[in-house]
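Colleague:
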Amino acid sequence: MSSQKNEKMEAIISLAKRRGFIYPGSDVYGGLSGTWDYGPLGVTLKRKIMQLWWQHFVESRDDMYGVDAAILMNQKVWQASGHVDTFADPLVEDLKTGERLRADHLLEDAGYDVEGQTMAQLDELIKQHGIKSPSGNELSSVRTFNMMFSTTVGPVADDKSVSYLRPETAQGIFTNYKNIVDNFYPNLPFGLAQQGKAFRNEISPRDFIFRSREFEQMEIEYFVRPDNWQESFDALLKDIYDYLEALGLPSDKIHELDVPEADRAHYSEKTIDLEYDYPIGRKELLGLAYRTDFDLKNIQNASSKTMEYMVKGTNERFIPHVIEPSFGVERVLMAVMENAYWFDEANDRIVMKFPENIAPVKYAVSPLLKNKPELVAKAREVYAALKKKYGNVMWDDNGNIGKRYRRQDEIGTPQCVVIDFETIEGDGTVTVRDRDTTEQKRVKLDELI
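Every position in the sequence shown, counted from 1, becomes a number in our numbering once 20 is added.
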């Protein structure tokens, strides 16, 4: 069952806290469920995943434009998009303790398939099978719970001042569609890309960072002619696979699900979910949806401003259709950490086998002995040169060399550079130790730097 974290998941969570990747949010005050803080290594890994995405989908293309919309938006945005009325999860309450729980999660944990079930159907399943709360108590009837965090803007709290922390980044892209068309007049097809925070008031956040209340998204809205959406859909799907390969995720852990009509979002005419074999089970990693003209048409109707695109050199006008690749950063990061985690039984060590292009630390530099000033001075010189060139380089002289290697293995450093007596005696080489094989070789400093 997905709520039962297996040994590998527990080991990853332990390592994440022990080595400064991810901490429980507000931990010193007892925590706040569904929130997570990123330590020095975690924030670097996260940024590298996001930078690789930006380079892959935006900077390397000439049909993509970046935007960064405000988190707080006019309430009309969420009314027109349907979020105010429909962005809800099925809620039940423990009648004895008052604990609030997700009805679909309780049924899934009991082994029932609830894909596409309505609130009424979930309620019937719970009653039919006698599903209880985790405490063994009776449950209330299923009701809807809107997941948006609401707030007020300005000094007066009334209906007009209501706003929401955005539950997705997509609507910020759609509201800027007209600005980009008016300012840049791009040829179709073209895309708008955004990375940023989103917030959902999850009833029962769980499974580490897989389902949380505050997270980051990487999304594209790709605007196309209605008659050739399939071509762009297929091309974006291929680009997604290329990105996942660049992250080092193996193809045999990624599964393509053509979502049936009954399970698709109301705006989607076609959705492909890519699922990943996490330690918690096969779960959604990301989605690719054909949203037709649903969003732009709603904006046009609600704002009375035209969202039509006029083809250059013609009088042809129409509302473009949209294809949306949507990535959750934390879900990608969790897949990267799961794939990297390796217990090397032969050498009794834990290794995070991050691909070199996203490893939080590229090199760790050490003097063989930290009580030898000449070794330390030379090691500092090498460290400074590598740091200047690569940035993500760590100095490590804590403990003996074996302990340093083990520590660097656990944070995924591909190579450790050790300055020893041969280095300072004039041969100009250092020892470079490989993370995955533990092999050591002599490398000329000039070649390294």
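Glycine is no exception: its CB is placed at the ideal position from the N, C-alpha and C atoms.
1) Would you decide whether D283 is buried or exposed? Buried here means 16 or more other CB atoms lie within 10 Å of its CB.
2) Could you spell out where the alpha helix (DSSP H) holding A123 opens and where it closes?
3) Within its chain, find whatever has a CB closer than 7 Å to the CB of P44; leave out the 5 residues flanking it on each side and keep chain order.
4) Tell me the residue span of the alpha helix (DSSP H) that contains K152.
5) Please identify the residue among I421, L388 and P375 whose C-alpha is closest to the C-alpha of L65.
6) Just the C-alpha distance for M238 and D447, rounded to the nearest angstrom, thanks.
7) Report the CB separation of Y197 from L316 in whole angstroms; it is logged as a contact under 8 Å.
8) Using alpha carbons as the reference points, say which of E281, A266 and H341 lies closest to V244.
9) Pull up the distance between the alpha-carbon of Q191 and that of N26, whole angstroms please.
10) Would you mind working out which of L208, Y298 and E251 sits nearest Y272, comparing C-alpha positions?
11) Among residues of its own chain, excluding the 5 on either side of I444, which ones have a beta-carbon nearer than 6 Å to its beta-carbon?
12) Buried or exposed: which applies to M21, given that a residue is buried once 16 or more other Cβ atoms fall within 10 Å of its Cβ?
13) Between which two residues does the beta strand (DSSP E) containing L111 stretch?
14) Going by C-alpha to C-alpha distance, which of L294, N377 and S153 sits closest to P345?
15) Tell me, to the nearest whole angstrom, how far the beta carbon of V452 is from that of Q435; I am working on the premise that it is less than 8 Å.
16) Near L277, what residues of its chain come up, given a Cβ to Cβ distance below 6 Å and the 5 sequence neighbours on each side ignored?
17) Throw me the rounded Cβ distance for the Y310 and S288 pair, which I believe falls under 8 Å.
18) Does the structure place the region 27-43 close enough to the region 62-78 that three or more beta carbon pairs sit under 8 Å?
19) By the DSSP assignment, the beta strand (DSSP E) with R369 in it spans what residues?
20) Suppose the cutoff is 7 Å on Cβ atoms and the five residues either side in sequence are ignored; what does the same chain contact list for R426 look like?
21) Between which two residues does the alpha helix (DSSP H) harbouring P60 extend?
22) Can you list, in chain order, the residues of its chain with a C-beta nearer than 8 Å to that of V413? Leave out the 5 residues immediately preceding and following it.
23) Any contact between the region 104-124 and the region 141-160? By contact I mean 3 or more CB pairs, one from each, below 8 Å.
24) Report the three-state DSSP secondary structure of S53 (helix, strand or coil).
25) What is the DSSP secondary structure of F314, reduced to helix, strand or coil?
26) Check the C-beta distance from F235 over to E350 and give it rounded, since I have them as a contact under 8 Å.
27) Less than 8 Å separating the beta-carbons of F107 and P209?
28) Thinking C-beta only, is A266 closer than 8 Å to L72?
29) Within a Cβ cutoff of 6 Å, which residues of the same chain sit near W98, ignoring the five residues on either side of it in sequence?
30) Using the DSSP secondary-structure output, state which residues sit across from L406 in a beta bridge.
31) Where do the N-terminal and C-terminal ends of the beta strand (DSSP E) with A213 fall, by residue?
32) Report the CB separation of A255 from M84 in whole angstroms; it is logged as a contact under 8 Å.
33) Are the CB atoms of E241 and G211 within a distance shorter than 8 Å?
34) Could you give the distance in angstroms between the alpha-carbon of L121 and the alpha-carbon of I223?
35) May I ask which residues mark the beginning and end of the alpha helix (DSSP H) holding Y479?
36) Please report the distance separating the alpha-carbon of T291 from that of R302.
Modeller: So, to answer that:
1) exposed
2) A123 to D129
3) G51 and W56
4) Segment: none, K152 is in no alpha helix (DSSP H) and carries neither H nor E.
5) P375
6) 48 Å
7) 6 Å
8) H341
9) 37 Å
10) The sequence shown places Asp at residue 272, not Tyr. D272 has its Cα closest to that of Y298, out of L208, Y298 and E251.
11) E394 and K398
12) Any reading at M21 is ruled out, since the residue's pLDDT is 38, under 50, leaving its predicted position unreliable.
13) A108 to E113
14) L294
15) 5 Å
16) D293 and E295
17) 6 Å
18) yes
19) R369 to M372
20) R369
21) P60 to W74
22) V381, K382, Y383, A384, V385, Y403, L406 and K407
23) yes
24) coil
25) helix
26) 5 Å
27) no
28) yes
29) V104 and Y184
30) None, per the DSSP bridge assignment.
31) F210 to F219
32) Actually they are not in contact, since the Cβ atoms of A255 and M84 sit about 13 Å apart, beyond 8 Å.
33) yes
34) 6 Å
35) Outside the shown range of the chain (21 to 469) lies residue 479, about which nothing can therefore be said.
36) 17 Å
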